[in-house]
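Novice: According to our numbering, numbering within the sequence shown proceeds without interruption in unit steps and concludes at 287.
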Amino acid sequence: MSFVDLHVHTTASDGTLSPTEVVKYGVEKNLSVIAITDHDTISGIEEGMKAAENEPITVVPGIELACMYQKREIHMLGFFVDWKDEIFVKRLADLRQNRERRNEKMIEKMQRDGIPVTMEKLRFEEEDTVITRAHFARFLEQEGYVKSKNEAFEKYVGIHCPYYIPREYIDPKEAISWIHQAKGMAFLAHPYLYHFSEYQVKTMIKDLKEMGLDGIEAYHSTAGIGQTGILRQYAREHELLISGGSDFHGANKPDVDLGRGWGNLRITHYLYDDIRKKHGKRYDNIS
Numbered sequence: 001m002s003f004v005d006l007h008v009h010t011t012a013s014d015g016t017l018s019p020t021e022v023v024k025y026g027v028e029k030n031l032s033v034i035a036i037t038d039h040d041t042i043s044g045i046e047e048g049m050k051a052a053e054n055e056p057i058t059v060v061p062g063i064e065l066a067c068m069y070q071k072r073e074i075h076m077l078g079f080f081v082d083w084k085d086e087i088f089v090k091r092l093a094d095l096r097q098n099r100e101r102r103n104e105k106m107i108e109k110m111q112r113d114g115i116p117v118t119m120e121k122l123r124f125e126e127e128d129t130v131i132t133r134a135h136f137a138r139f140l141e142q143e144g145y146v147k148s149k150n151e152a153f154e155k156y157v158g159i160h161c162p163y164y165i166p167r168e169y170i171d172p173k174e175a176i177s178w179i180h181q182a183k184g185m186a187f188l189a190h191p192y193l194y195h196f197s198e199y200q201v202k203t204m205i206k207d208l209k210e211m212g213l214d215g216i217e218a219y220h221s222t223a224g225i226g227q228t229g230i231l232r233q234y235a236r237e238h239e240l241l242i243s244g245g246s247d248f249h250g251a252n253k254p255d256v257d258l259g260r261g262w263g264n265l266r267i268t269h270y271l272y273d274d275i276r277k278k279h280g281k282r283y284d285n286i287s
């Protein structure tokens with residue numbers, strides 16, 4: 001039986017392995033499929049797909065979009081997106097500009113308090129990376145302000161912390177529409193990470209289904225067996241597909257390994273097959 005990982009980050013956003021390195025690591029881990037799903041960017045996809053051309057592994061072109069639902073940030077995964085679609089590329093460029101304006105404001109606040117952070121330092125020599133709060137956390141850890149990235153989020157850049165600045169968000173209907181217009185499939189990422197009650201999770205999935213959601217990420221490094229079982233039941237109730245992934249970030253999440261999460265995550269190829277078949281039925285005959 002072969003295994004897959006449909007939630008992977010690279011240096012194009014807040015991962016620490018390049019797309020090529022992620023592909024090579026996926027081969028080492030005997031994975032048959034990985035989805036590169038960087039935050040608000042598709043800039044790592046072409047490199048990853050080229051790296052996989054002569055390897056026994058498939059790279060799914062993906063995305064992870066942040067959006068606002070019920071006054072909370074949630075994430076939407078897109079699989080099989082057309083990363084060359086001009087409208088999609090333009091929309092992502094606009095999102096990146098919004099992020100950069102937010103990052104500049106956070107930098108200004110830190111500099112006023114004597115923290116010597118700059119945009120250049122946050123890039124960690126990856127010129128095209130999309131800078132997220134994980135980059136700020138990594139900087140604060142490396143400069144000795146905190147002992148861990150978690151501490152950086154708890155004291156510096158997390159919500160309600162001194163240097164947190166909210167960013168502009170699209171809504172879930174937009175995120176799903178963008179993914180569909182780029183010929184992708186839209187999946188709700190890690191539904192239990194948003195600190196909603198069980199009733200709210202169930203309601204969120206129902207609402208998103210009405211907006212066009214294709215599936216939910218039932219298998220994730222943070223989801224226990226019980227939560228996965230509940231999400232699978234919600235998927236059956238709403239005729240949604242199921243995906244799964246480690247949410248691998250390399251050294252930025254050192255306890256989360258590619259394909260294995262915290263050690264016991266195993267996602268079979270069958271989930272990928274179901275998504276690929278549904279995608280093919282919807283888009284393969286569209287020119």
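Every residue gets a Cβ at the ideal spot worked out from N, C-alpha and C, and that includes glycine.
Determine the direct distance from the alpha carbon of residue 112 to that of residue 31, and round the result to whole angstroms.
Specialist: For the purposes of this step, residue 31 is identified with residue 31 of the sequence shown, where counting begins at 1. For the purposes of this step, residue 112 is identified with residue 112 of the sequence shown, where counting begins at 1. Rounded to the nearest angstrom, the two C-alpha atoms are 46 Å apart.
Novice: For the alpha helix (DSSP H) that residue 210 lies in, which residues bound it at each end?
Specialist: Translated into positions along the sequence shown, residue 210 becomes position 210. Element bounds for residue 210: 198-210.
Novice: Please report the residue range of the beta strand (DSSP E) in which residue 139 lies.
Specialist: Residue 139 sits at position 139 when you count from the first residue of the sequence shown. Residue 139 -> not in any beta strand (DSSP E); alpha helix (DSSP H) instead, spanning 133-142.
Novice: Counting C-beta neighbours from all protein chains within 10 Å, is the total for residue 286 16 or more, i.e. buried, or is it exposed?
Specialist: Taking the sequence shown and counting its residues from 1, the one referred to as residue 286 is at position 286. Low confidence applies to residue 286: its pLDDT is 49, below 50, so where it sits in the model is not reliable enough to give any reading.
Novice: Whole alpha helix (DSSP H) runs in the stretch 62-145 with 4 or more residues, listed along the chain?
Specialist: 86-112, 119-123, 133-142
Novice: Determine the burial state of residue 71: buried for a count of at least 16 other Cβ atoms within 10 Å of its Cβ, exposed for fewer.
Specialist: To locate residue 71, count along the sequence shown from 1; it is residue 71. Counting other Cβ atoms within 10 Å of its Cβ, residue 71 stays below 16 and is therefore classed as exposed.
Novice: Once the 5 residues before and after residue 75 are set aside, which same chain residues still bring their CB inside 6 Å of it?
Specialist: The residue labelled residue 75 in the question sits at position 75 within the sequence shown. For residue 75, where only same-chain residues beyond five positions count, the Cβ hits under 6 Å are 64, 66, 189.
Novice: Just checking, does the stretch 85-98 make contact with the stretch 138-146 on the three C-beta pairs under 8 Å criterion?
Specialist: no
Novice: Alpha carbon to alpha carbon, how far is residue 276 from residue 6?
Specialist: Locating residue 276 in the sequence shown gives position 276, where the first residue counts as 1. Locating residue 6 in the sequence shown gives position 6, where the first residue counts as 1. The alpha-carbon of residue 276 is positioned some 12 Å away from that of residue 6.
Novice: Contact between the stretch 230-238 and the stretch 248-267 is defined here as three or more beta-carbon pairs at a separation below 8 Å; is this criterion met?
Specialist: A contact is defined here as three or more CB-CB pairs under 8 Å, and the stretch 230-238 fails this definition with respect to the stretch 248-267.
Novice: I need the DSSP call for residue 261, collapsed to helix, strand or coil.
Specialist: What you label residue 261 is simply residue 261 of the sequence shown in a count that begins at 1. In the structure shown, residue 261 sits in a strand (DSSP, three-state: E or B).
Novice: Which class does residue 176 belong to by DSSP, given the choice of helix, strand or coil?
Specialist: Counting from one through the sequence shown, the residue named residue 176 turns up at place 176. The answer is helix: DSSP assigns residue 176 an H, G or I state.
Novice: Extract the residue ranges of the alpha helix (DSSP H) inside the stretch 24-55, only unbroken runs of 4 or more that lie entirely within it.
Specialist: You should have 45-51.
Novice: Determine the direct distance from the alpha carbon of residue 265 to that of residue 244, and round the result to whole angstroms.
Specialist: Counting from 1 along the sequence shown, the entry for residue 244 is found at position 244. Counting from 1 along the sequence shown, the entry for residue 265 is found at position 265. Near 9 Å, if we compare the C-alpha coordinates of residue 265 and residue 244.
Novice: Would you check if there are 3 or more beta carbon pairs closer than 8 Å linking the stretch 82-92 to the stretch 170-186?
Specialist: yes
Novice: Which residues in the same chain as residue 171 place their Cβ atom closer than 8 Å to its Cβ, once the five residues preceding and following it in sequence are excluded?
Specialist: Sequence index remark: in the sequence shown, residue 171 carries index 171 (1-based). The answer, listed in chain order, is 67, 68, 69.
Novice: Anyone know if the C-beta pair for residue 87 and residue 59 falls short of 8 Å?
Specialist: The residue given as residue 87 occupies position 87 in the sequence shown. The residue given as residue 59 occupies position 59 in the sequence shown. In this structure, residue 59 does not lie closer than 8 Å to residue 87 by Cβ.
Novice: Report the partner residues of residue 187 according to the DSSP bridge assignment.
Specialist: In the sequence shown, the residue the question calls residue 187 occupies position 187. In the DSSP assignment, residue 187 forms a beta bridge with 77, 215.
Novice: Who are the Cβ neighbours of residue 102 in its own chain at under 6 Å, not counting the five residues just before and after it?
Specialist: Translated into the one-based positions of the sequence shown, residue 102 becomes position 102. Answer for residue 102: 165, 167, listed in chain order.
Novice: I need the straight-line Cα distance from residue 231 to residue 218, nearest angstrom please.
Specialist: Start at 1 with the first residue of the sequence shown, and residue 231 comes out as number 231. Start at 1 with the first residue of the sequence shown, and residue 218 comes out as number 218. Looking at the two C-alpha atoms, the distance is approximately 5 Å.
Novice: Can you check DSSP and say which residues form a bridge with residue 341?
Specialist: Nothing can be reported for residue 341: it is not among the residues displayed for the chain, which extend from 1 to 287.
Novice: Could you check the C-alpha separation between residue 118 and residue 107 for me, to the nearest Å?
Specialist: Here residue 118 refers to the residue found at position 118 when the sequence shown is read from its first residue. Here residue 107 refers to the residue found at position 107 when the sequence shown is read from its first residue. Approximately 7 Å between the Cα atoms of the pair.
Novice: Given a threshold of 16 other Cβ atoms within 10 Å of its Cβ, counted over all protein chains shown, does residue 16 qualify as buried or as exposed?
Specialist: Position 16 of the sequence shown, counted from the start, is the residue given in the question as residue 16. Its Cβ being crowded by 16 or more others within 10 Å, residue 16 is buried.
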